[in-house]
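In the working numbering, the protein residues as written are 26 to 394.
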Amino acid sequence: MKFSISTSFYKRSDKVQHIYQQILDQTYTNWEWIVTDDFSEENNAEQLLKEICEKDPRVKYYHQSRKKECFYNPQRGASGDIIVMLDSDDYAYPKLLEVYHNFLSKHPEVMGICCLSHTIDSQGQFVEIQGGGNFKTGYSPTFNYTPMSRAFRNIYPEFDDGSMKWYQNDTNIVRHMEYLGKWFYLPRTLCEYYYSTDTVSRSSRSEEEWMDVERERLFIENKFPSLHNDNKCSQFLYFLPIEDIARDLSIGLLNKYTTRKNILYINLDLKPYEKQLLKELFFDHNLYFNFNLHATFDEILVSLNPSTCDELHEITQILLKTNLNTPIKFRLDSRVNPNFNEIDQLINSLYGDYGWVASGHETYFISAV
Numbered sequence: 026m027k028f029s030i031s032t033s034f035y036k037r038s039d040k041v042q043h044i045y046q047q048i049l050d051q052t053y054t055n056w057e058w059i060v061t062d063d064f065s066e067e068n069n070a071e072q073l074l075k076e077i078c079e080k081d082p083r084v085k086y087y088h089q090s091r092k093k094e095c096f097y098n099p100q101r102g103a104s105g106d107i108i109v110m111l112d113s114d115d116y117a118y119p120k121l122l123e124v125y126h127n128f129l130s131k132h133p134e135v136m137g138i139c140c141l142s143h144t145i146d147s148q149g150q151f152v153e154i155q156g157g158g159n160f161k162t163g164y165s166p167t168f169n170y171t172p173m174s175r176a177f178r179n180i181y182p183e184f185d186d187g188s189m190k191w192y193q194n195d196t197n198i199v200r201h202m203e204y205l206g207k208w209f210y211l212p213r214t215l216c217e218y219y220y221s222t223d224t225v226s227r228s229s230r231s232e233e234e235w236m237d238v239e240r241e242r243l244f245i246e247n248k249f250p251s252l253h254n255d256n257k258c259s260q261f262l263y264f265l266p267i268e269d270i271a272r273d274l275s276i277g278l279l280n281k282y283t284t285r286k287n288i289l290y291i292n293l294d295l296k297p298y299e300k301q302l303l304k305e306l307f308f309d310h311n312l313y314f315n316f317n318l319h320a321t322f323d324e325i326l327v328s329l330n331p332s333t334c335d336e337l338h339e340i341t342q343i344l345l346k347t348n349l350n351t352p353i354k355f356r357l358d359s360r361v362n363p364n365f366n367e368i369d370q371l372i373n374s375l376y377g378d379y380g381w382v383a384s385g386h387e388t389y390f391i392s393a394v
């Protein structure tokens, strides 16, 4: 399986080497990188991109015939089986292609795939794990959420003939793929997204322009009326039973490791089928659930549900004997366990200094055993 990674630069010539290095760091190596500059008036990336093309035959420059041609049609110039859209402000974790290859190979009914993102602001500070946990797969017959690091099978020759104007390319691509098969929202963090205030989808505009954006959205939706059927679902629901549980691991270092690691996940409410699905989701690591193993782990992740909190003192005493200084991260879901102040005091008493970040109903505590 060959991946064609497509990046259309508009300005941001300073990001060229940064993105190229991300691709070089991928653990799955059967790829090509299709690049273009989208007629930038300043900070044009074309020359830098062409210099890379001369040195690396896997990098190919596509000469656009019109503005946003590759933005709307990322398959342009691609010879791979799978198209991956990597925007100039994205950061792909090293195992993105490896993980996508695993699931797309196993599930031929999946036409497109995307993942969770670790969103940061202009200072590099945590904003959220995509969506703050509010999006739920399967609540709509179609996939109605921003698909981060979207990838799809290279089976559609034309997504747009030049009639689109705004930024609905992601919705347009998803609907085309859903019409042919399933869209897979993978509940695993495989990229970092820079929350830019100057991106085209967040720029200020008039009420008339907003109406124009909405007309374009409806134009896309109206092309596929058969998808809007509440008795059907075009989303791949294999990991739906653990979609929320998996967010306990969404901020973990295991998402960035390039090699196989031993990971301990502590959640005293886990059922056998949930453990099995989590092992499939993190197939590239050794995932353990028993804190009584007296083994050393590379990382520990903890769900702060009431059952686990009741046993946290005992758990900590065991871990102190076997995993001193091992990185540990806790996730608190206020819908499941609303006692933030009590948990704050509990973690402080057991672990001392720690940091924490919050988004929506989720709080992540970061420390070491």
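We treat Cβ as the ideally placed atom computed from N, Cα and C, and that holds for glycine.
Worksheet item: Per DSSP, Phe-28 is paired with what?
Response: Trp-56, Ile-107
Worksheet item: Just how far apart, CA to CA, sit Phe-316 and Thr-347?
Response: 10 Å
Fill in: Three-state secondary structure (DSSP) of Met-189
Here DSSP, grouped into helix, strand and coil, assigns Met-189 to coil.
Practice prompt. Would you mind reading off the limits of the alpha helix (DSSP H) that contains Tyr-290?
Written response: Premise fails: Tyr-290 lies in the beta strand (DSSP E), 287 to 291, not in any alpha helix (DSSP H).
Discussion item. According to DSSP, Gln-260 sits in a beta bridge with which residue or residues?
Written reply: Trp-208
Fill in: Those runs of the alpha helix (DSSP H) which lie wholly inside the region 59 to 129 and span at least 4 residues
71 to 80, 94 to 97
Practice prompt. Going by CA-CA distance only, name the one from Leu-345, Thr-388, Asn-254 that's closest to Ser-328.
Written response: Thr-388
Worksheet item: Between which two residues does the beta strand (DSSP E) harbouring Pro-352 extend?
Response: 352 to 358
Fill in: Member of Gln-89, Asn-197, Glu-67, Tyr-125 whose CA lies at the smallest distance from the CA of Ser-29
Selection Gln-89, Asn-197, Glu-67, Tyr-125 evaluated against Ser-29 yields Tyr-125 as nearest (Cα-Cα).
Fill in: Whole-number beta carbon distance between Lys-286 and Glu-324, since they are thought to touch under 8 Å
7 Å
Discussion item. I want to see whether chain B comes within less than 9 Å of Gly-380, judged by CB atoms only; does it?
Written reply: The displayed structure is made up of one protein chain only, and chain B is not part of it.
Discussion item. Contact defined as beta carbons within less than 8 Å: I believe Ile-12 pairs with Leu-326. What is the distance between those atoms, to the nearest angstrom?
Written reply: With the chain covering only 26 through 394, there is no way to say anything about residue 12.
Practice prompt. With Glu-339 as the anchor, note down where its alpha helix (DSSP H) starts and where it stops.
Written response: 337 to 347
Practice prompt. Give the straight-line distance between the Cα atoms of Lys-120 and Glu-239, rounded to the nearest whole angstrom.
Written response: Straight through space, the alpha carbons of Glu-239 and Lys-120 are spaced by roughly 36 Å.
Worksheet entry | Same chain only: Cβ atoms within 8 Å of Thr-341, ignoring 5 sequence neighbours per side | Leu-375, Tyr-376, Val-394
Discussion item. Using only CA atoms, which one of Gly-105, Pro-212, Phe-314, Lys-92 lies nearest to Ile-5?
Written reply: No information on residue 5 is available, as it lies outside the stretch 26 to 394 that the chain covers here.
Fill in: Cβ neighbours of Glu-123 in the same chain (closer than 6 Å, five flanking residues each side left out)
Thr-52, Tyr-53
Worksheet item: Expressed to the nearest angstrom, what Euclidean distance is found between the alpha-carbon atoms of Leu-279 and Glu-234?
Response: 43 Å
Discussion item. Can you check which of these residues, Gly-385, Lys-248, Leu-303, is closest to Arg-360 by C-alpha distance?
Written reply: Of the candidates Gly-385, Lys-248, Leu-303, the one whose C-alpha sits nearest the C-alpha of Arg-360 is Gly-385.
Discussion item. Which same chain residues end up closer than 7 Å to Cys-258 when comparing Cβ atoms and leaving out the 5 residues on each side of it in sequence?
Written reply: Gly-163, Pro-166
Worksheet entry | Extent of the continuous beta strand (DSSP E) to which Tyr-389 belongs | Run containing Tyr-389: 387 to 393, per the beta strand (DSSP E) assignment.
Practice prompt. Please confirm if the region 132 to 148 is in contact with the region 57 to 64, defined as three or more CB-CB distances below 8 Å between the two stretches.
Written response: The count of Cβ pairs closer than 8 Å, one atom from the region 132 to 148 and one from the region 57 to 64, stays below three, leaving the stretches out of contact.
Item to complete: Tell me, please, which residues DSSP counts as bridged to Ile-154.
Response: Beta-bridge pairing by DSSP links Ile-154 to His-143.
Worksheet item: Can you name, in chain order, every residue of its own chain whose Cβ lies under 7 Å from the Cβ of Asn-127, other than the five neighbours on each side?
Response: Phe-308
Worksheet item: Which term fits Tyr-87, buried or exposed, when burial requires 16 or more other beta carbons within 10 angstroms of its beta carbon?
Response: Buried: at least 16 other Cβ atoms inside 10 Å.
Discussion item. Using 9 Å as the threshold, is the C-beta distance between Phe-249 and His-201 below it?
Written reply: yes
Discussion item. Using C-beta distances below 7 Å, list every residue in its chain close to Pro-172, excluding the 5 sequence neighbours before and after it, in chain order.
Written reply: Cys-139, Asp-195, Val-199
Item to complete: Pull up the DSSP beta-bridge partners for Trp-381, would you.
Response: Phe-390
Discussion item. Between which residues of its own chain and Cys-95 is the CB-CB distance below 7 Å, once the five residues before and five after are set aside?
Written reply: Ser-31, Ser-33, Thr-61, Tyr-87, Gln-89, Arg-101
Worksheet entry | Nearest-angstrom Cα separation, counted from Glu-57 out to Asn-350 | 40 Å
Worksheet item: Closest by CA to Leu-215, which one among Ile-267, Thr-144, Asn-69, Asn-179?
Response: Thr-144
Practice prompt. Consult DSSP for Ala-271 and reduce its assignment to one of helix, strand or coil.
Written response: helix
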